[in-house]
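Just so you know, we're using the UniProt record's numbering here: the sequence shown kicks off at 1 and counts up by one.
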Amino acid sequence: MTGRANSSRKNIKKEIDNRTYRWEAYQNFTHRMHGGLGKNIRRVIPSCAVWAIRDAYPADHDPAQYRGLLEADEPVTGYEY
Numbered sequence: 001m002t003g004r005a006n007s008s009r010k011n012i013k014k015e016i017d018n019r020t021y022r023w024e025a026y027q028n029f030t031h032r033m034h035g036g037l038g039k040n041i042r043r044v045i046p047s048c049a050v051w052a053i054r055d056a057y058p059a060d061h062d063p064a065q066y067r068g069l070l071e072a073d074e075p076v077t078g079y080e081y
């Protein structure tokens, strides 16, 4: 049993990256402002909140890579929070 537990721990990330923290911050902000929206229902976050989140959890690369709000019908591929 210990061998199985040790092998599964290898796949766990040691650190949570800023991208994940940004995503959580966007989610939490939206939930606090609008409540639970449901699947494919999105709201624009005010730019002051977006910049506060980006300042708190900066990207590990060029900040010009950020994307804005994706509409629900747009495919989400290679999305950078």
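We treat Cβ as the ideally placed atom computed from N, Cα and C, and that holds for glycine. Source: prediction; values computed, not measured.
- Glu15 sits in coil when the DSSP states are folded into three classes, being neither helix nor strand.
- The C-alpha of Arg22 is placed about 6 Å away from the C-alpha of Tyr57.
- A check of alpha carbon separations from Arg43 across His34, Asn28, Ala49, Glu24 identifies His34 as the nearest.
- Rounded to whole angstroms, the separation of the alpha carbons of Phe29 and Cys48 is 12 Å.
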